[in-house]
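Using this note's numbering, the letters of the sequence shown correspond one by one to residues 70 to 290.
For every residue, glycine included, the Cβ atom is placed at its ideal position computed from N, Cα and C.
In this text, all values refer to a predicted model and were calculated from it rather than measured experimentally.
For reference, the structure discussed in these notes is given below.
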Amino acid sequence: MLIRLGNWLDERFDWRKIWAAIFLRKVPHVNWWYTLGSATLFVAVMQGITGILLTLYYVPTPDHAYDSVVYITTQLPGGWFIRGLHHWGASALVVLVVLHLLRVFYFGAYKYPREATWLTGVALFLVVVGFGFTGYLLPWDQKAYWATTVGTRIAGVVPLLGPLILRIMRGGDELTAVTLARFFGVHIWVLPACLAALILVHLYLVVRIGISAVPEKGEKS
70 MLIRLGNWLD
80 ERFDWRKIWA
90 AIFLRKVPHV
100 NWWYTLGSAT
110 LFVAVMQGIT
120 GILLTLYYVP
130 TPDHAYDSVV
140 YITTQLPGGW
150 FIRGLHHWGA
160 SALVVLVVLH
170 LLRVFYFGAY
180 KYPREATWLT
190 GVALFLVVVG
200 FGFTGYLLPW
210 DQKAYWATTV
220 GTRIAGVVPL
230 LGPLILRIMR
240 GGDELTAVTL
250 ARFFGVHIWV
260 LPACLAALIL
270 VHLYLVVRIG
280 ISAVPEKGEK
290 S
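Here you go:
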């Protein structure tokens, strides 16, 4: 029964070739440093899952945002665990992305023919930083409010375009309900879409071009 179903699906989706290309491809001899990419992907998926669960109870308005976070943390069964995973996962994601980029740079894996893979990885790092910045405001407490005030002011000192960038980020001259709604929308819609697209391109390039082997002693990078 399962074999017949598999054959039926293979005739229409050619899934066996896709499976072989992803899971049966030859991988050079590597070490533990090469697991950073997989670890980063795992944490990113966990962030997506916990983020979806949090949005079921989070209310992105100034008069209810903090109370909804308190409710999730103190009253919702298992809420403290989900929020804890999401909170610490955000920091872990940044650390893993940085370590992954450093490993690629140190081993020279950004060179031909993997330049496009490197560029998508750098773009993913910027998206992850965007997640951290937009997510920091969402609890809408004093720490988040003033930290975002400082962060947006830093963006506002960019020559020529600074004031425009500041107004776009805040939705006005000051942090208001519009700012919170804008950060929330970017955090759960814009950045996840960018992240998903870049991950797909990044993984496609990794599968198509392959990964680099660990440089041998005395080998020129």
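*First through last residue of the alpha helix (DSSP H) which encompasses Lys-212*: DSSP places Lys-212 in the uninterrupted alpha helix (DSSP H) bounded by 211-225.
*Drop a sphere of 10 angstroms on the beta-carbon of Gln-144, count the other beta-carbons inside from all chains shown, and report buried for 16 or more, exposed for fewer.*
Burial call: exposed.
*Pro-284, enclosing alpha helix (DSSP H) - first and last residue*: Unbroken run through Pro-284: none, as it is neither H nor E.
*Assign Val-173 to one of two classes, buried (16 or more other C-beta atoms within 10 Å of its C-beta) or exposed (fewer than that).*
Of the residues assessed, Val-173 falls on the buried side of the cut-off, its CB having 16 or more other CB atoms within 10 angstroms.
*CB of Val-114 to nearest heavy atom of the ligand ZN: below 7 Å?*
As for the ligand ZN, it is missing from this structure, which has no ligand bound.
*What are the boundary residues of the alpha helix (DSSP H) that includes Gly-201?*
First-last of the alpha helix (DSSP H) with Gly-201: 184-205.
*Assign Asp-132 to one of three DSSP states: helix, strand, or coil.*
Coil.
_Exposure label - Gln-211; buried when at least 16 CB within 10 Å_ = Residue burial annotation: Gln-211 is exposed, with fewer than 16 other C-beta atoms found within 10 angstroms of its C-beta.
*Check whether the stretch 224-240 touches the stretch 113-121, counting contact only when three or more Cβ pairs, one atom from each stretch, lie closer than 8 Å.*
By the Cβ rule, the stretch 224-240 does not count as touching the stretch 113-121, because fewer than three pairs are nearer than 8 Å.
*Whose CA, out of Gly-201, Ile-278, Leu-233, Leu-244, lies closest to the CA of Tyr-214?*
With distances taken between Cα atoms, Tyr-214 lies closest to Leu-244.
*Where does Ala-178 sit, in a helix, a strand or coil, going by DSSP?*
Here Ala-178 sits in coil by DSSP.
*Starting from Met-238 and walking both ways along the alpha helix (DSSP H), at which residues does that stretch end?*
Element bounds for Met-238: 231-239.
*Starting from the C-beta of Ala-192, find all residues in its chain whose C-beta is less than 6 Å away, skip the five residues before and the five after it, and write them out in chain order.*
Cβ neighbours of Ala-192 beyond the five flanking positions: Leu-267.
_Backbone secondary structure at Arg-94 - three-state DSSP_ = Arg-94: coil per DSSP, three-state reduction.
*For the 8 Å Cβ check, are there 3 or more pairs between the stretch 99-118 and the stretch 164-171?*
Inter-segment contact for the stretch 99-118 and the stretch 164-171 is present: three or more beta-carbon pairs are separated by less than 8 Å.
*Are Leu-165 and Thr-203 closer than 8 Å when you measure CB to CB?*
No, the pair does not count as a contact, with Cβ atoms beyond the cut-off.
*Can you check the stretch 137-167 for any beta strand (DSSP E) of at least 3 residues that lies completely inside it and give the ranges in chain order?*
Listed in chain order, nothing qualifies, since the stretch 137-167 has no complete beta strand (DSSP E) run of 3 or more residues.
_Element boundaries [alpha helix (DSSP H), containing Tyr-273]_ = For Tyr-273, the enclosing alpha helix (DSSP H) starts and ends at 260-278.
*asked:* Rounding to the nearest angstrom, what Cα-Cα distance links Val-196 and Met-70 in this structure?
replied: C-alpha separation (whole angstroms): 44 Å.
*Between Trp-157 and the rest of its own chain, which residues show a CB-CB distance below 7 Å, the 5 nearest in sequence each way excluded?*
The same chain holds no residue with a CB closer than 7 Å to that of Trp-157 once the five nearest residues on each side in sequence are set aside.
*Between Thr-142 and Tyr-273, what straight-line distance do the alpha-carbon atoms span, to the nearest angstrom?*
Going by the C-alpha atoms only, they are around 38 Å apart.
*Return yes when the Cβ of Val-283 is within less than 8 Å of the Cβ of Val-291, no when it is not.*
Because the chain spans 70 through 290 in this model, residue 291 falls outside it and cannot be assessed.
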